[in-house]
Amino acid sequence: TLTNSSNLKTSIKAGAVTEEDLLAVLPSFGNTLVLLDVTGLVLVKALDHGLSQGGGKTPGAFPIVAGMQVTYCQTATSCTKPLNKGGVVTSLTIGGNKVDLNKTYRIATNDFLASFGGESYSMLGDACKQSSYCKNTGIQVVDLLTEEFKTHSPVKQQVDGRLKLVGGTTTTPSTSTTS
Numbered sequence: 532t533l534t535n536s537s538n539l540k541t542s543i544k545a546g547a548v549t550e551e552d553l554l555a556v557l558p559s560f561g562n563t564l565v566l567l568d569v570t571g572l573v574l575v576k577a578l579d580h581g582l583s584q585g586g587g588k589t590p591g592a593f594p595i596v597a598g599m600q601v602t603y604c605q606t607a608t609s610c611t612k613p614l615n616k617g618g619v620v621t622s623l624t625i626g627g628n629k630v631d632l633n634k635t636y637r638i639a640t641n642d643f644l645a646s647f648g649g650e651s652y653s654m655l656g657d658a659c660k661q662s663s664y665c666k667n668t669g670i671q672v673v674d675l676l677t678e679e680f681k682t683h684s685p686v687k688q689q690v691d692g693r694l695k696l697v698g699g700t701t702t703t704p705s706t707s708t709t710s
């Protein structure tokens, strides 16, 4: 899964969670779930973009990921062994396996990124147009979050080191339980 940080507007606090709380996290922009086939290289380019632009020109581009672990450099100039020349990602594993830049992976994202290349994720917009598989499910992202809370409460989540800065630290806040 890859989404942009501007899609998430607030955190969910521990304790009982209301539908109003979920709408505060994912306001009703109408974003829908898109399943998209991309090569490992396109995925690395998308992560390079989000990780290098997230604190600068396009702050909402910072990536939120699931199902993968990414190690990256602070800047491209400080990166000695990027997976993609000029990039910041030095390591990417998907489901515990090292990424193959030529292999095709099916990712979940939102229609803002896949259909419109929003937050300057043009490589995802291009992949959607060129891919053999780009399906907008029509399911709103906020509805998926609501369903997760309805079917798996209490929800226990913790940060699990999906994004790790080279030479930096991965902050892991305490685990919280919400229902």
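Residues in the sequence shown are numbered from 532 upward in steps of one, following the numbering used here.
Every residue gets a Cβ at the ideal spot worked out from N, C-alpha and C, and that includes glycine.
Quick caveat, the model's predicted, so the values are computed rather than measured.
Cβ atoms of N667 and S651 stay farther apart than 8 Å, at about 20 Å.
Just measuring C-alpha positions, the residue of T611, C665 and T621 sitting nearest T635 is C665.
Note: A547 is not bridge-paired with any residue in the DSSP secondary-structure output. Here V630 carries a coil assignment [DSSP, helix/strand/coil]. Under DSSP, A639 takes part in a beta bridge, and its partners are L566. Rounded to whole angstroms, the separation of the alpha carbons of Y603 and G581 is 11 Å.
With a threshold of 16 other beta carbon atoms within 10 Å, I638 meets it and is buried.
Beyond the five residues adjoining it in sequence on each side, E550 comes within less than 8 Å, by CB distance, of T677 in the same chain, given in chain order.
T621 and V548 have their alpha carbons spaced roughly 37 Å apart.
When beta bridges are read from the DSSP output, N535 appears opposite P594. Take T606, set aside five residues on each side of it, and the residues of its chain with a beta-carbon closer than 8 Å to its own are S583 and V619, in chain order. Around S663, the same chain offers D568 as residues with beta carbons nearer than 8 Å, after the five sequence neighbours per side are excluded.
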